[in-house]
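One structure below.
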Amino acid sequence: MAKRILVVEDNDLNRKLFCDVLKANGYEVVPVADGQNVLGTAKRFQPHLVIMDIQLPNVSGIDLIAELKGEGDLAKVPVLAVTAYAGKGDEERIRDAGAADYLAKPVSIGPFMAAVRALLPE
1 MAKRILVVED NDLNRKLFCD VLKANGYEVV PVADGQNVLG TAKRFQPHLV IMDIQLPNVS
61 GIDLIAELKG EGDLAKVPVL AVTAYAGKGD EERIRDAGAA DYLAKPVSIG PFMAAVRALL
121 PE
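Quick note on numbering: the sequence shown equals residues 1 to 122 in the UniProt record's numbering.
As structure tokens, this is what we get:
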């Protein structure tokens with residue numbers, strides 16, 4: 001059975017790229033463009049991994065990570081944070097919110113898939 005990955009990314013091109021690469025590697029993927037739909041979608045989909053953009057309209061990815069970590073079964077789901085905003089102290093704040101790993105954009109496919117595989121043991 002394929003591992004399920006929730007991809008939270010408001011940029012259409014990035015979301016499509018992440019989803020296409022993950023599907024090509026055998027994962028079941030559900031994309032979410034609007035951060036306000038993340039919790040409801042995550043509860044229905046029950047992902048094995050969440051890929052979270054940090055800069056989203058209307059809501060911070062950091063806040064969403066913290067919300068996921070406070071949601072019963074979802075609290076155990078690892079989060080891979082992906083962001084173009086990589087200022088001093090950002091990685092620490094993102095990890096403090098509960099992200100298991102962090103990648104700065106632009107993201108190359110090799111490191112992206114390596115991070116995904118590291119968070120989804122067979």
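Heads up, the beta-carbon is just placed ideally off N, CA and C, and yes, glycines get one too.
The structure displayed is predicted, hence computed values, not measured ones.
- Here DSSP, grouped into helix, strand and coil, assigns Val-30 to strand.
- Check the Cα spacing between Arg-4 and each of Ala-114, Pro-78, Asn-58 and Arg-93: the tightest is with Pro-78.
- In the DSSP annotation of this structure, the continuous segment of the beta strand (DSSP E) that includes Met-52 starts and ends at 49-53.
- In this chain, the alpha helix (DSSP H) harbouring Ala-24 covers 12-24.
- Per DSSP, reduced to three states, the secondary structure at Val-38 is helical.
- Going by DSSP, Leu-74 is part of no beta strand (DSSP E) at all; its letter is neither H nor E.
- The beta carbons of Val-21 and Ile-109 sit about 6 Å from each other, so the pair counts as a contact at 8 Å.
- Only residues of its own chain outside the window of five on either side were considered, and among them Val-7, Glu-9, Pro-31 and Ala-33 have a CB closer than 7 Å to the CB of Arg-15, listed in chain order.
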